[in-house]
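Structure first, then comments.
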Amino acid sequence: MSQKKPYKKLTITASSTGVETAKAALSKLDFESESNLAKSQRLSDSIVSKFFNFKPIQLDSFKRICQALKLKWIEIAGIAEEKESEVVSKNDSSSSELVEPEKIPLAVTVVDKKPEKVNASIVLTGDIDSAEHLKRIESSLQNSSGETIKISDIKRDSIQLIIEGYQQDIERLVSQFKSGELKELSGFPIQDIEILSTSSEDDQNNELDPKWRLVEEIVSCGAAGRELKGVDLSDVDLSGADLSRADLSGANLSGADLSNANLKGIDLSSANLSDANLSDAQLKGAQLYCADLKGANLRGTDLKGADLSGAELKGADLRGADLRGADLIKDVDLSHANLRDAKLVGANLNDASLDRADLSGADLNSANLSCTNFSRADLSSTNLNGAKFRVASLNRADLSSANLSSADLRSADLSSADLSSADLKGANLNSANFSGTDLSDAKLKGADLTHANLSRAIVDNAQFGNNSGIDESIKSDLIERGAMFEDVPGDSSESVTPS
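The sequence shown begins at 263 in our numbering and counts up by one.
So, in structure tokens, the structure goes:
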């Protein structure tokens, strides 16, 4: 399996003062609620909520919120605050330095010259995940080339810092670089300097970002059948949109709101849908091969016949989702996922990871669950009639009151699992491990127990009868431990119970 191309991460957190300012602006501009603000800007509710709760969000979303509130994003992030106590002195060896895991090349570019000031850009590749990091870069520029230099903007597409300062300070910066005196800024090596054409900041700010232009197009006209490979639609609100049969393979939809959207037949293979809201969306026949769905909300989603092979669903909420006939083969990760009441009839979960997942009340009739890891999973009251569990790991799983009639559990590990009141009639339990398993009140009539390990199993009131693999010595031992047997063909009224 080829590795997915990592998405650029550029996140900013609002300062405490910034959030208070933003709240005041929210009220002053009559948005009335965070939800209304989100809707007006085509942003996901969850992203706006993170902004007001001091959680990091992507830079373009941060700037969009601030722009709507008529605020300067750099001030809301706290980058423009007084920093005298925070500036690291060059000569102070006791001060802590920001250590990067690896050095990332920068390109410093002079953008234009004015009588008083010069603008320049610093292009970098990598992650900026805090305002503190930007402050340190700005301080490094000021210390080396002049106090007038300030970061005024960041362009997300190339992760490009825009700086401005008096002409003599910017010229000093260029001279220091060309002479070799200045080779890095706060741990980032400087790669090059290139003079570009003049471009006013006002024109740049007024230009509609291609990302948000695309969002407006999709909301207004839909995008059925469109080719949108690799596009950035992170954090956006596309609830109810028509994206059926569209090609969004490799796209970034992390944090996006796609609730109630028409996504039938869509290609989302290798797409980033982490923390996205897909509740009640129609994803019938969708291609989600190797998609990142960590933490995604898939409640009530129609995923019939969808290809989720290789997808990562760790922590996803699939309550009430319809996965009938879905293909989740090839190591899909559903650990800790919420699949309560989900419809998984005939689904292929071969070799998947569902440890500690919640599948209570789910319908897995005839599903292929061979070699799957269900350790400590909640499968209580689940319909597993005719399901295939060959060599599956179910140790410490909760299968109380589950319907496992006619299920294939050959060589499955059910050690220390809770199978109390479970229905195992006619199940194939050949070579299954029931060591320490709670089988109290379970129904095991007609089950094949050939080579099954029932040592230390709790069998109080468990109902056996016509079981292959149970000889008289095993039968006597089980009866002594509290089991009940009905072994007379055609006459269930005669039973053997403990004396």
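Note that beta-carbon positions come from the ideal geometry of N, C-alpha and C, so glycine has one too.
How would you label residue i, buried or exposed, when you count the other beta carbons within 10 angstroms and need 16 or more for buried?
i	result
Glu282	exposed
Gly727	buried
Ser278	exposed
Val361	For Val361, the pLDDT reaches just 37, beneath the cut-off of 50, and the residue's location in the model is therefore unreliable, leaving the point undetermined.
Gln430	exposed
Gln329	exposed
Asp660	buried
Phe316	exposed
Asn524	buried
Asp776	This structure leaves residue 776 out entirely; the chain is present only between 263 and 761.
Ser347	For Ser347, the predicted structure reports a pLDDT of 38, less than 50, and the residue's modelled location is therefore unreliable. The matter cannot be settled from this model.
Arg586	buried
Glu734	exposed
Gly512	buried
Asp465	With a pLDDT of 44 at Asp465, under the threshold of 50, the modelled position of this residue cannot be trusted; read the value that follows with caution. Counting Cβ neighbours within 10 Å, Asp465 comes out exposed, since fewer than 16 surround it.
Cys483	exposed
Ala573	buried
Gly517	buried
Gly442	exposed
Asn692	buried
Asn298	exposed
Glu409	exposed
Glu426	buried
Asp400	According to the sequence as given, residue 400 is Glu; it is not Asp. Buried, by the Cβ-count rule.
Ser662	buried
Ser407	buried
Ser615	buried
Ser805	Any property of residue 805 remains undetermined from this structure, which presents the chain solely from 263 to 761.
Lys234	Summary: the structure shown does not reach residue 234, with the chain confined to residues 263 through 761, and so no result is reported for it.
Lys440	exposed
Gly752	Below a pLDDT of 50, predicted positions are generally treated as unreliable, and Gly752, at 43, falls in that range; no measurement from the model is reported.
Ser437	exposed
Asn647	buried
Relative to the C-alpha of residue i, which residue among the options is closest?
i	options	result
Leu686	Leu570, Ala548, Val653, Ser643	Ser643
Arg475	Gln303, Ala330, Asn695, Leu626	Gln303
Ala664	Ala284, Leu596, Ala689	Ala689
Ala669	Phe316, Asn627, Lys290, Ser401	Asn627
Leu711	Ser682, Met746, Arg672	Arg672
Ala485	Asp509, Leu681, Ala724	Asp509
Asp529	Asp497, Leu565, Lys301	Leu565
Lys325	Lys290, Ser295, Gly280, Ala583	Gly280
Ala709	Glu748, Arg718, Asp625, Gly698	Glu748
Thr275	Ser295, Asp322, Leu288	Asp322
Ala287	Asn405, Ser306, Trp335	Trp335
Ala745	Ala694, Leu691, Asn692, Ser682	Ser682
Ala694	His713, Asp703, Lys707	His713
Asp494	Leu676, Asp471, Gly487	Asp471
Asp584	Ser289, Val594, His598, Thr563	Thr563
Arg488	Ser496, Ala503, Val498	Ala503
Ser541	Arg507, Leu500, Asn514	Leu500
Asn514	Arg507, Ser496, Leu505	Ser496
Asn612	His598, Leu621, Val594	Val594
Leu763	Lys290, Ala639, Thr273, Leu621	What is shown of the chain runs 263 to 761, which leaves residue 763 out entirely.
Thr273	Gln438, Phe313, Ala284	Phe313
Lys491	Lys285, Arg507, Gly567	Arg507
Gln725	Ala599, Lys705, Ala300	Lys705
Under 8 Å, do residue i and residue j count as touching if we go by C-beta distance?
i	j	result
Asp603	Arg618	no
Leu590	Ala609	yes
Ile720	Leu701	yes
Leu550	Asp537	no
Gly547	Lys526	yes
Ser308	Asn539	yes
Leu435	Ser402	no
Ala624	Leu596	no
Phe762	Leu606	Residue 762 is absent from the structure shown; the chain starts at 263 and stops at 761.
Ala543	Ser571	no
Glu296	Ser306	no
Ser730	Ser717	no
Ala639	Leu621	yes
Ala599	Lys576	yes
Thr699	Ala674	no
Leu333	Ala284	yes
Please confirm whether residue i has its beta-carbon closer than 8 Å to some beta-carbon of chain D.
i	result
Gln320	This model lacks chain D altogether, as it is built from one protein chain only.
Completely contained alpha helix (DSSP H) runs for the segment 458-528, where each covers 4 or more residues: 463-468, 472-483
Length-filtered (3 minimum) beta strand (DSSP E) runs lying within the segment 272-324: none
contact_flag[the segment 515-534, the segment 333-340] where n(CB pairs < 8 Å) is 3 or more: no
Touch test, the segment 651-661 against the segment 632-640, Cβ-Cβ under 8 Å, three pairs minimum: yes
Alpha helix (DSSP H) segments (min. 4 residues) lying fully within the segment 652-719: none
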